[in-house]
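S.K.: Quick one: the structure is below, and I'll ask about it shortly.
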């Protein structure tokens, strides 16, 4: 149980284009999902908290107009990187909270974004 | 504010050696505590957890005990295998029931045959 998928697993796009990454909870409903960014050999940086049916809450320093988050249903959240630049190249990981006690998060396999 | 500190890696061990990865945290109240593992090119997997003082989380031979008095949650395994080579993250929950976790910098474990 508690499986989270991400799509695509890898994407290469040209500078200036937009890319959408999907995060799905496959066997549970997730009222809250989280988006992280991970740089090589570094820890996870929380970008935003995505709540179903409401606006995402962004962490300090994260541009909400650049990283658009939509949590349209209890099983799907999307992250759109708009007008991507090479410095946006990174590993993006989502997670979902089951809502049960303990606050554990279940993570997707990640999406490797490369902007050329 | 809430924070977490993990021992720096990389940690290199021979197969069947004993493993300890230290983790200490600062938090308001009593956070839930988690260890996650990340294999190369993959997302994070929940390894074990503990939700209250003196709880011991265990999974796949790994153990960690919630020590409130020392605010620690050290990860141990009695006999590591090559397949345990990965990055390990200690992650306490953030105060205030936000559902957020704080991640340590991660400790890379390399096990040699």
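Residue numbers (my numbering), protein chains in the order written: chain A, 294 to 409; chain B, 181 to 293. Think of the CB as a built atom: it goes at the ideal place given N, C-alpha and C, for glycine as much as any other residue. Values in this document were obtained by computation on a predicted structure and should not be read as measured data.
1) How would you write the range of the beta strand (DSSP E) that residue 257(B) sits in, first residue to last?
2) Could you check if residue 379(A) is buried or exposed, using at least 16 other CB atoms within 10 Å of its CB as the buried criterion?
3) Within the chosen definition, does the segment 227-240 of chain B reach the segment 194-204 of chain B through at least 3 CB pairs nearer than 8 Å?
4) How big is the Cα-Cα spacing for residue 264(B) and residue 293(B)?
5) Based on DSSP bridge pairs, tell me the residues matched to residue 293(B).
6) Suppose only complete runs of 3+ residues qualify. What are the beta strand (DSSP E) ranges in the segment 340-381 of chain A, listed by chain order?
7) With respect to the beta strand (DSSP E) encompassing residue 304(A), which residues constitute its N-terminal and C-terminal limits?
8) What is the C-beta distance between residue 269(B) and residue 216(B), in whole angstroms, given that I count them as a contact (C-beta under 8 Å)?
9) Taking 7 Å as the CB-CB cut-off, is residue 289(B) touching chain A?
M.R.: According to the structure data:
1) As a working note, residue 257(B) is residue 77 in the second chain. It spans 255-257 - the beta strand (DSSP E) in which residue 257(B) sits, taken as one unbroken run.
2) Numbered from 1 along the first chain, position 86 holds the residue referred to as residue 379(A). With fewer than 16 other Cβ atoms within 10 Å, it is exposed.
3) Taking 8 Å as the limit for Cβ pairs, the verdict is that the segment 194-204 of chain B does not touch the segment 227-240 of chain B.
4) Residue numbering aside, residue 264(B) sits at position 84 when the second chain is read from its first letter. Residue numbering aside, residue 293(B) sits at position 113 when the second chain is read from its first letter. When rounded, the separation of the alpha-carbon atoms in residue 264(B) and residue 293(B) is 11 Å.
5) Numbered from 1 along the second chain, position 113 holds the residue referred to as residue 293(B). Answer is none; residue 293(B) lacks a bridge partner.
6) Counting only runs of 3 or more residues that sit fully inside the segment 340-381 of chain A, the beta strand (DSSP E) segments are 360-366, 369-374, in chain order.
7) Within the first chain, the letter at position 11 stands for residue 304(A). From DSSP, the beta strand (DSSP E) with residue 304(A) extends over 303-306.
8) By one-based count along the second chain, residue 269(B) stands at place 89. By one-based count along the second chain, residue 216(B) stands at place 36. Under the criterion of beta carbons closer than 8 Å, residue 269(B) and residue 216(B) qualify as touching, at roughly 5 Å.
9) Locating residue 289(B) in the second chain gives position 109, where the first residue counts as 1. Output row for residue 289(B): interface = no.
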